[in-house]
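All letters in the sequence shown, in the order written, are residues 235 to 334 by the working numbering. In this text, a Cβ means the ideal position worked out from N, Cα and C, and glycines have one as well.
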Amino acid sequence: MTQARSLRDVPATATGVVSALLDVDEDDLTIHLAYELPAEVAAAWREAESLRTQAEEAESRAALLRREAVRGLLSQTHMSQAEAGVVLGLSKQRVQQLAS
């Protein structure tokens, strides 16, 4: 029997063992591994991934709203980009980026 040094080595080690046992070429084999996490760990991971996705969606929405707000401020008030920057607490360059 053989043993992998680390979890990263398991697919290659398993492929080698199965290849030797079945007397087939390693290239003809595909090994699929499934790891079962403890229930609490799996639940925490799923929640973290869900929150990350929500955060990415919220960030995208926030970016869209920032662009809309800057464009609206510039078009409705006819402020300069520098003035809009002062009002919004942004640099003129950032206002320019959001306006384009």
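Cβ shell of residue i (< 8 angstroms), same chain only, five flanking positions each side left out
i, result
"Gln237", "Thr247"
Neighbourhood of residue i by C-beta distance below 6 angstroms, restricted to the same chain and skipping five residues each side
i, result
"Ser325", "Gly319"
"Gln315", "Lys326, Val329, Gln330"
Cβ distance (whole Å) where residue i is taken to contact residue j below 8 angstroms
i, j, result
"Ser253", "Leu263", "6 angstroms"
Beta carbon of residue i nearer than 9 angstroms to that of residue j
i, j, result
"Leu308", "Ala292", "no"
Indicate whether the contact test is met: 3 or more Cβ pairs, each with one atom in the region 265 to 277 and one in the region 239 to 257, closer than 8 angstroms.
yes
With three or more beta-carbon pairs closer than 8 angstroms as the criterion, would you say the region 302 to 316 touches the region 327 to 334?
yes
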